[in-house]
Amino acid sequence: MIEINEAFAVQAYAVARDLDLDMDKVNMYGGGISIGHPLGATGVILALKVMYEFKLTDIEDALVAMCIGGGQGMSMYFKKY
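Just so you know, we're using this note's numbering here: the sequence shown kicks off at -4 and counts up by one.
Following this line, the structure appears as structure tokens:
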């Protein structure tokens, strides 16, 4: 599972394409455009999406990537235990 917080749809698509990511695993239920992008809450929303998927599926690990303003970025890696 890979969650990419996108400001624009083409940005998430370009990253997924350039990194040769499996598109069936990227933003499985939509990203920031479809679920909303409340200022300061994106990281929590994406992390909770990962926890939800861990509980309901056999997914073993997940990556969350997001912009945090001012041209900066951050990522989080989760592993089910």
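Quick reminder that beta carbons are idealized off the backbone N, C-alpha and C, glycines included.
Inset, instruction - Look up K75 in the DSSP assignment and say whether it is helix, strand or coil. - result: coil
Inset, instruction - Please report the residue range of the beta strand (DSSP E) in which V5 lies. - result: First-last for V5: 4 to 13, but that is the alpha helix (DSSP H), not the beta strand (DSSP E).
Legend entry - Range covered by the beta strand (DSSP E) that runs through A(-1): For clarity, residue -1 is Ile in the given sequence; the question names Ala instead. Where I(-1) is concerned, the enclosing beta strand (DSSP E) stretches over -3 to -1.
Inset, instruction - Give the single residue among V10, L43, Q6 whose Cα lies nearest to the Cα of Y24. - result: Taking Y24 as reference, the option from V10, L43, Q6 with the minimal CA-CA separation is L43.
Inset, instruction - Express the C-alpha separation of G66 and I54 in angstroms, rounding to a whole number. - result: 31 Å
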